[in-house]
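In terms of full-length UniProt numbering, the sequence shown opens at residue 11 and continues consecutively. Idealized CB from N, CA, C, for every residue including glycine. Keep in mind that this is a model prediction, so the values were computed, not measured. First the structure, in the form of structure tokens, and then the observations on it.
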Amino acid sequence: PDASTHALDDDATLDGVDLEQLAHRIATPLHAYSASAIRQRIDTLRQALAGLDAGICFAVKANPNLAILQLMAEAGVGADIVSAGELQRSLHAGVPPGRIVFSGVGKSADEITGALSVGIARFNVESLDELHLLQRLAQAQQVVAAAAVRINPDVDAHTHAKISTGKSENKFGVSIDEARCWFAARSMFPNVRLDGLHVHIGSQILDAEPFRLALQRVAVFWRELEQAGHPIASIDVGGGLGVCYRAGVDQPLAVTDYAAAIHEALSGFKGRILLEPGRWLVAEAGVLLTRVIRVKPGVERCFLVLDAAMNDLQRPSLYDAWHDIVPVRADASGSPTTYDIVGPVCETGDTFARGRVLPECVAGDLLLIKATGAYGASMASTYNSRPLAAEVLLDRGRYAVVRRRQHFDEMIAGEQPARHWQTP
Ligand code: LLP
11 PDASTHALDD DATLDGVDLE QLAHRIATPL HAYSASAIRQ RIDTLRQALA GLDAGICFAV
71 KANPNLAILQ LMAEAGVGAD IVSAGELQRS LHAGVPPGRI VFSGVGKSAD EITGALSVGI
131 ARFNVESLDE LHLLQRLAQA QQVVAAAAVR INPDVDAHTH AKISTGKSEN KFGVSIDEAR
191 CWFAARSMFP NVRLDGLHVH IGSQILDAEP FRLALQRVAV FWRELEQAGH PIASIDVGGG
251 LGVCYRAGVD QPLAVTDYAA AIHEALSGFK GRILLEPGRW LVAEAGVLLT RVIRVKPGVE
311 RCFLVLDAAM NDLQRPSLYD AWHDIVPVRA DASGSPTTYD IVGPVCETGD TFARGRVLPE
371 CVAGDLLLIK ATGAYGASMA STYNSRPLAA EVLLDRGRYA VVRRRQHFDE MIAGEQPARH
431 WQTP
């Protein structure tokens, strides 16, 4: 991807909005997303998939802000959900139930019932127990649920262990052997139309090989099933396409090569192909805008203390993830200085970067932490009783606050002193 797909016009503006001005209007830290960049990703993916009967279901977990989901809905993109909360958000934002698929190893009876009643498109079923539960609950509602088996293809995605999902040691999906038994026993599940396959091997995958391998295994199995008299109407290839977090180092596979792998593996497949991209659609469209609170020279290193912290962006502390960090000044001219870039939270893990070279900074300087549009605000918490940051959508020179910074009252809503003691 070239710089234009990176949404940042020049580190001083994003989607035509001057970030310095934005930070004057809205207190930092704040998450900003470029609507144009997201739309561009959607278009690019669609173009790459041309010729296939393919539907895109955005993995809501990557960025569940209602404005983002609304943008997806308006662009005709569906939703891949993993909870009742994500279902409600998707419906609220106008995603039609017929474009919603439901993944996850721990769907509860209540969640399945809720999804059945609104008539979602498909359940990606991950265990025999879940299949039995789906049968019971669909029967109770006198409906037939469309379902796909999530296959665990036992493929190494060569990504961070915490976000790898397609090895047999991972909790996700079932083996092809087990799936074969489910199809053979299909008649035991009259309220489940088991006619789909699903695979998702992990996230932030930078090379095509793991995708190819997983898709090949799924394709061999689909052909076997068809021959055995089990027609397959849908193959869901999951998400996982990686993005560039480290300019000049990360080399994500091109979306066209990713699409080519799908074309190749599933050529001859007559049904519908579903995709569940999360990160690729939104990560590089977002930045975390933050101010330097102070520069703190230490004995061994010099610390840049920001007003953003691990509660606003967990990826560095959780996965040792790299995010490029740059000053919001087209003409940053200070002499190159090496910093550990940290937040105010009271633990050492609250570190965004170690030994990073930046033009010399002073208190009040604005910085951008880049590529935070996926799994940024989405994974935020109020740790250290820090309010959830504002989220702002930018679109060709204009901005809209799509989540205001949390008020203290909202943070403590639901909490109360222990006054009314009861026994269970
Ligand atoms: N489909 C399923 C079933 C998934 O579990 C996921 C992500 C996706 C699709 C979307 O994957 P993507 O296209 O975004 O790679 N918090 C981690 C990422 C966790 C991904 C979990 N599942 C991070 O910040 O790197």
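Regarding residue i and ligand 1, is the C-beta to nearest heavy atom distance less than 7 Å?
i      : result
Pro74  : no
Thr175 : yes
Asp90  : yes
His102 : no
Ser213 : yes
Tyr349 : no
Arg325 : yes
His168 : no
Trp332 : no
Ser113 : yes
Tyr409 : no
Tyr385 : yes
Glu274 : no
Pro427 : no
Glu236 : no
Pro287 : yes
Ala69  : yes
Met198 : no
Under three-state DSSP, which class holds residue i?
i      : result
Ile130 : coil
Glu401 : strand
Leu368 : strand
Pro326 : helix
Pro337 : strand
Thr433 : coil
Cys356 : coil
Phe221 : helix
Ser391 : coil
Ser277 : coil
Phe235 : Inspection of the sequence shows that residue 235 is occupied by Leu rather than by Phe. Leu235 falls in the helix class under three-state DSSP.
Ser137 : coil
Gly296 : strand
Ala189 : helix
Thr38  : coil
Thr123 : helix
Leu378 : strand
Thr266 : helix
Val184 : strand
Arg361 : Going by the sequence as given, residue 361 is Thr instead of Arg. Looking at Thr361 - three-state DSSP - the assignment turns out to be strand.
Arg415 : coil
Arg49  : helix
Arg301 : strand
Arg396 : coil
With burial defined as no fewer than 16 other Cβ atoms inside 10 Å of the residue's Cβ, what is the status of residue i: buried or exposed?
i      : result
Ala17  : Unreliable positioning characterises Ala17 in this predicted model, as indicated by a pLDDT of 48, which lies under 50. A coordinate reading is not provided.
Ala319 : buried
His34  : exposed
Ala156 : buried
Asp63  : exposed
Ala381 : buried
Met198 : exposed
Lys71  : buried
His417 : exposed
Gly424 : exposed
Ala387 : buried
Ser14  : For Ser14, the predicted structure reports a pLDDT of 35, less than 50, and the residue's modelled location is therefore unreliable. The matter cannot be settled from this model.
Pro241 : exposed
Gln426 : exposed
Pro326 : buried
Arg99  : buried
When DSSP builds the beta bridges, which residues end up paired with residue i?
i           : result
Arg408      : Asp405
Ser174      : Gly212
Asp90       : Ala69, Val111
Cys254      : Partner(s): none; Cys254 has no beta bridge.
Ser44       : Leu404
Tyr349      : Arg366
Ala148      : Looking at the DSSP assignment, Ala148 forms no beta bridge with any residue, so it has no partner.
Thr23       : Asp28
Tyr313      : As written in the sequence, residue 313 is Phe, which differs from the Tyr given in the question. BP columns for Phe313 point to Lys306, Asp350.
residue 435 : Since the first residue shown for the chain is 11 and the last is 434, residue 435 is missing from the structure and cannot be characterised.
Asp246      : His208, Leu284
Ala155      : Val202
residue 8   : For residue 8 there is no data in the structure shown, the boundaries of the chain being 11 and 434.
Arg160      : His208
Check this for me: beta carbons of residue i and residue j, under 8 Å apart or not?
i      : j      : result
Leu147 : Ala119 : yes
Val302 : Leu316 : yes
Pro163 : Val209 : yes
Ala293 : Gly407 : no
Gly183 : Arg160 : yes
Ile283 : Val247 : yes
Ala390 : Asp322 : yes
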